[in-house]
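Chains as they are written, first to last, in my numbering: chain A, 1 to 284; chain B, 285 to 568.
See below for the structure under consideration.
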DNA sequence: TCGACCCGATACCGCACGGGTATCGTGTCG
DNA sequence: CGACACGATACCCGTGCGGTATCGGGTCGA
């Protein structure tokens with residue numbers, strides 16, 4: 001008789017219809033039917049009468065309905081009470097100044113809803129730091145992309161997105177459905193600042209630094225460099241692009257993982273909670 | 285944040301010691317530590333401070349302690365409320381008049397504890413009916429032994445016990461560690477009343493009805509027949525025996541299953557609840 | 001009267017989670 | 001300083017829950 005079963009029961013009692021209750025619970029009908037039956041078996045009493053057009057509460061079911069609703073309401077209040085008692089707290093989230101942002105735009109409200117008392121701050125890092133301030137201790141948790149040096153850092157993949165080369169739409173490559181990295185040899189690549197994580201640099205550029213290529217700090221700078229200077233850059237294929245640019249998938253480069261990352265040392269419950277929210281909230 | 289986790293938390297908070305709480309909860313320490321950590325992660329707040337000689341409540345933990353205890357107490361009351369609202373009910377349990385009884389002696393109190401309002405009646409059947417009144421509709425659920433005709437009857441095995449031949453301790457077989465059915469050819473077997481389930485009869489007797497063998501209705505009659513008349517009978521090896529009798533395992537006969545059985549048609553929650561109690565309560 | 005539809009029930013499958021055992025890191029005390 | 005005690009971690013395995021596909025049966029319109 002756990003809270004989940006009681007929530008199922010209340011939903012069915014509200015709807016008087018197993019199928020509708022199932023869709024309200026974002027699940028399918030068979031496991032809900034089974035859960036109700038198991039609750040009846042455990043309590044030793046029929047809770048619903050099954051009719052051809054739905055279900056109706058039995059006397060035992062009606063009694064449970066009141067009790068269960070009260071219990072669920074009380075349970076819902078506990079979380080708030082506890083997090084409030086934990087006192088003022090701050091969580092600083094580092095995010096790469098690119099597409100990860102729009103995910104953060106969904107995730108941060110979700111997290112604020114769970115922990116209204118927590119002061120959530122977002123730190124936007126530039127392209128030179130794939131850990132978005134995590135390595136430097138500037139943030140508690142980071143929403144960023146692979147690859148980077150993961151020593152001392154734990155991470156959880158949220159999504160895996162193929163990567164492609166960004167070109168102007170008048171580029172000879174623009175009409176290709178995909179391209180191999182080898183076919184990009186003679187191009188002038190964007191560069192990242194010195195001291196950037198080597199794995200990160202190797203992944204997002206052509207490898208050879210080229211000559212007088214521009215050094216970039218933001219995605220906007222990167223796209224503008226492509227648009228105005230004819231340089232070449234890489235980006236995840238789901239990157240929103242301004243008019244005049246297209247992204248051509250790179251066939252022979254592994255996808256880039258959108259990850260949530262945290263320092264392995266000094267685990268903080270707030271950080272773990274954010275990871276859970278990200279993991280749950282990401283599955284659309 | 286289910287009731288189970290909260291129960292774990294309350295136990296640890298009571299004991300201020302994960303290991304002791306684990307033994308109180310009849311589990312081991314690692315999964316309990318993990319459950320506490322998961323609860324902290326979900327709530328986003330540390331609930332305990334870990335010290336070298338145990339744990340202490342944080343402010344957030346202290347807040348949760350009061351809430352959780354109240355919630356658990358409220359949840360514990362629900363079952364009683366609902367079963368009471370289900371109104372007066374009766375469950376008739378059929379049991380074979382043999383060793384199954386001592387199991388019933390444990391199971392019936394367990395069931396009464398779960399459903400105090402239910403009028404539990406026990407029907408003791410004689411050896412001629414392996415369904416203990418289930419087939420005849422005399423009982424709602426039966427605690428009996430295989431084998432019997434299971435058409436229309438569902439069952440759940442509680443225990444599997446080897447079967448042996450019951451002989452006087454001055455019998456030549458008495459010192460054997462086991463015996464094959466073939467070695468019992470010329471003996472005079474007990475008989476069961478006419479009309480008894482054929483599979484049942486075949487299992488519990490030597491097969492050939494013999495001549496003037498006694499017809500038995502209870503295990504006591506069976507054992508006395510062995511003791512006084514030198515007839516031969518079979519019994520589960522865990523059958524308690526009076527002095528002067530021993531049971532020699534039959535090597536080539538499959539074990540007898542102690543089962544709980546119910547009619548497949550017309551599932552009753554009370555019956556299913558009894559099956560659950562039997563299944564849970566049997567694992568000692 | 002019969003077939004199409006809608007409802008809950010059942011069968012079966014794959015995966016995540018909760019429990020287990022073995023082991024580790026660390027702080028305490030004789 | 002070594003032995004101990006406590007919680008944390010790593011890993012394995014079985015159970016349970018949610019999924020898809022299908023069934024049984026009751027209702028209603030053609």
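Every residue, glycine too, gets a C-beta built ideally from N, C-alpha and C.
Bear in mind the structure is a predicted one, so any value in this text is a computation, not a measurement.
{"Asked": "Span separating the alpha-carbon of residue 84(A) from that of residue 65(A)", "Found": "29 Å"}
{"Asked": "Terminal residues of the beta strand (DSSP E) in which residue 160(A) lies", "Found": "153-161"}
{"Asked": "Cβ separation of residue 184(A) and residue 232(A), assumed to be a contact under 8 Å, to the nearest whole Å", "Found": "6 Å"}
{"Asked": "Where residue 285(B) meets chain A, residues with beta-carbon distance less than 9 Å", "Found": "3, 75, 78, 79"}
{"Asked": "Residue 45(A) vs residue 5(A) beta-carbon contact at 7 Å", "Found": "no"}
{"Asked": "Closest by C-alpha distance to residue 248(A), when choosing among 131(A), 171(A), 140(A)", "Found": "171(A)"}
{"Asked": "Given residue 504(B) as reference, the closest of 381(B), 440(B), 448(B), 522(B) once Cα atoms are compared", "Found": "381(B)"}
{"Asked": "Straight-line Cα distance separating residue 223(A) from residue 250(A)", "Found": "17 Å"}
{"Asked": "Neighbour flag for residue 557(B) against chain A, beta carbons, 7 Å", "Found": "yes"}
{"Asked": "Positions along the stretch 25-45 of chain A whose CB lies within less than 7 Å of some CB in chain B", "Found": "40, 41, 42, 43, 44, 45"}
{"Asked": "Partners in chain B for residue 156(A), counting only beta-carbon separations shorter than 8 Å", "Found": "Result: empty, since nearest Cβ-Cβ is about 13 Å, beyond 8 Å."}
{"Asked": "Nearest residue (CA-CA) to residue 277(A), options 156(A), 180(A), 163(A)", "Found": "156(A)"}
{"Asked": "Beta-carbon gap between residue 432(B) and residue 488(B) smaller than 7 Å", "Found": "no"}
{"Asked": "Cα-Cα separation between residue 190(A) and residue 112(A), rounded to whole angstroms", "Found": "37 Å"}
{"Asked": "Residue nearest to residue 314(B) in terms of C-alpha spacing, selected from 292(B), 417(B), 513(B)", "Found": "292(B)"}
{"Asked": "DSSP bridge partner residues for residue 250(A) (one or two, in chain order)", "Found": "179(A)"}
{"Asked": "Candidates 2(A), 15(A), 137(A), of which the one nearest residue 75(A) by Cα", "Found": "2(A)"}
{"Asked": "Any C-beta of chain A under 7 Å from that of residue 367(B)", "Found": "yes"}
{"Asked": "Complete runs of the beta strand (DSSP E) confined to the stretch 37-97 of chain A [at least 3 residues]", "Found": "48-51, 54-57, 89-96"}
{"Asked": "In DSSP terms, what residue 142(A) is bridged to", "Found": "94(A), 261(A)"}
{"Asked": "Distance between residue 424(B) and residue 371(B) (C-alpha atoms, nearest Å)", "Found": "18 Å"}
{"Asked": "With 16 other Cβ atoms within 10 Å as the buried cut-off, status of residue 94(A)", "Found": "buried"}
{"Asked": "Identified DSSP bridge partners for residue 407(B)", "Found": "378(B)"}
{"Asked": "One or two residues paired with residue 256(A) in a DSSP bridge", "Found": "161(A)"}
{"Asked": "Reference residue 435(B); option with closest CA among 317(B), 548(B), 308(B)", "Found": "548(B)"}
{"Asked": "Contact check, residue 511(B) vs residue 450(B), beta carbons under 7 Å", "Found": "no"}
{"Asked": "Short CB-CB distance (under 7 Å) between residue 71(A) and chain B", "Found": "yes"}
{"Asked": "Cutoff 7 Å: residue 117(A) Cβ touching any chain B Cβ", "Found": "no"}
{"Asked": "Backbone secondary structure at residue 331(A) - three-state DSSP", "Found": "No statement about residue 331(A) is possible, as the shown extent of chain A runs from 1 to 284 and does not include it."}
{"Asked": "Host alpha helix (DSSP H) of residue 554(B) (start-end)", "Found": "553-566"}
{"Asked": "Buried or exposed by the 16-neighbour rule on C-beta atoms within 10 Å, applied to residue 461(B)", "Found": "exposed"}
{"Asked": "Status (buried if at least 16 other CB within 10 Å, exposed otherwise) for residue 414(B)", "Found": "buried"}
{"Asked": "For residue 191(A): DSSP bridge partner residues", "Found": "215(A)"}
{"Asked": "Cβ shell of residue 256(A) (< 7 Å), same chain only, five flanking positions each side left out", "Found": "145, 146, 161, 163, 236"}
{"Asked": "Sequence-distant residues of its chain with Cβ nearer than 6 Å to residue 17(A) (five each side left out)", "Found": "54"}
{"Asked": "Proximity of residue 400(B) and residue 40(A) at Cβ, strictly below 7 Å", "Found": "no"}
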